[in-house]
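Undergrad:
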Ligand SMILES: C[S@@+](CC[C@H](N)C(=O)[O-])C[C@H]1O[C@@H](n2cnc3c(N)ncnc32)[C@H](O)[C@@H]1O
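Numbering (the working numbering), first residue to last: 423 to 621.
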């Protein structure tokens, strides 16, 4: 029997809550990491667009295994209680002069992961161009702050210049590709760009 869109959403939402994660998005990172080995124990990781905190908590528990450091930044505070001891949290616009300088101070990073997304307006052109801006900013940060051999994950709304960004990532990483996790809602136009092994 086919699983409906709503059943799939409910399944991941319930699973997240039962495992102590504030958002179902955790299963996207789980799949991305299990298929691409982005983060390993002991890594220093930057999580951009980190609230409410599922990617950060999963990285702490399952990926760096409580060793290493996670720098988590969002316009809103994390809703994790307690905030894991490996986490340094910055609240504000990751690309403002002030917050960006703090992220740079904590770098360089073994991995940068960004699930950052703009507030959607329902206007696809506006939403995709705002998503493209965020993705471009993360790529610029990665060019500067990712260590050699480091890995990158960026969310972008499809139609938001993802081919251009992938082209640029292919000049920065040995491998770069687009990936749609199964936990992503069927009706979502998000996609993840993955850069592996920074040159
Ligand atoms: C889909 S949510 C992230 C969910 C998160 N990965 C988790 O697992 O809990 C997208 C987040 O991007 C954040 N965001 C958007 N623009 C940002 C910016 N310029 N700087 C920091 N965070 C931003 C939003 O505030 C929002 O919390």
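Note that CB positions come from ideal geometry on N, CA and C, so glycine has one too.
None of the values given here were measured: they were computed from a predicted structure.
For residue 588, which residues of its own chain have a beta-carbon under 7 Å away from its beta-carbon, when the five flanking residues on both sides are left out?
TA: Within the chain shown, residue 588 is the residue found at index 166, counting from 1. Closer than 7 Å at Cβ, skipping near neighbours: 598, 600, 615.
Undergrad: So the beta strand (DSSP E) residue 619 belongs to, where does it begin and stop?
TA: For the purposes of this step, residue 619 is taken as the residue at position 197 of the chain shown. Element bounds for residue 619: 612-620.
Undergrad: Please report the distance separating the alpha-carbon of residue 529 from that of residue 499.
TA: Sequence index remark: in the chain shown, residue 529 carries index 107 (1-based). Sequence index remark: in the chain shown, residue 499 carries index 77 (1-based). Taking the straight line joining both Cα atoms gives about 21 Å.
Undergrad: Leaving out five residues on either side along the sequence, give the residues of the same chain with a beta carbon under 7 Å from the beta carbon of residue 549.
TA: In the chain shown, residue 549 corresponds to position 127, counting from 1. Correct list, in chain order: 540, 542, 543, 579.
Undergrad: Quick test of the definition: if touching needs 3 or more C-beta pairs under 8 Å, does the region 490-498 touch the region 508-528?
TA: Touching, yes.
Undergrad: Excluding the five sequence neighbours on either side, which residues of its own chain have a C-beta within less than 6 Å of the C-beta of residue 611, listed in chain order?
TA: Locating residue 611 in the chain shown gives position 189, where the first residue counts as 1. 579, 580.
Undergrad: Say yes only if the C-beta of residue 540 is nearer than 7 Å to one or more non-hydrogen atoms of ligand 1, and no if none qualify.
TA: As a working note, residue 540 is residue 118 in the chain shown. Yes, Cβ of residue 540 sits closer than 7 Å to a heavy atom of ligand 1.
Undergrad: Could you pull the DSSP bridge partners for residue 568 from this structure?
TA: For the purposes of this step, residue 568 is taken as residue 146 along the chain shown, with counting starting at 1. Residue 568 pairs with 531.
Undergrad: Measuring alpha carbon to alpha carbon, tell me which of 491, 525, 552 ends up nearest residue 386.
TA: With the chain covering only 423 through 621, there is no way to say anything about residue 386.
Undergrad: Would you mind working out which of 553, 595, 585 sits nearest residue 571, comparing C-alpha positions?
TA: Position 149 of the chain shown, counted from the first residue, corresponds to residue 571. Taking only the C-alpha atoms, the option nearest residue 571 is 595.
Undergrad: Is the closest heavy atom of ligand 1 to the C-beta of residue 506 under 7 Å?
TA: One-based indexing of the chain shown puts residue 506 at position 84. Flag unset: Cβ of residue 506 not near ligand 1.
Undergrad: Taking the runs of the beta strand (DSSP E) that are 3 residues or longer, which of them lie wholly in the region 425-471?
TA: 466-470
Undergrad: Of all the options 459, 537, 492, 477, which has the alpha carbon lying nearest to the alpha carbon of residue 467?
TA: On the chain shown, position 45 is the one that residue 467 refers to. Cα-wise, what sits closest to residue 467 is 492.
Undergrad: Could you check how far apart the C-beta atoms of residue 454 and residue 575 are, in whole angstroms? I think they sit under 8 Å.
TA: For this step, residue 454 is matched to residue 32 along the chain shown. For this step, residue 575 is matched to residue 153 along the chain shown. About 6 Å separates the Cβ atoms of residue 454 and residue 575, confirming a contact at the 8 Å cut-off.
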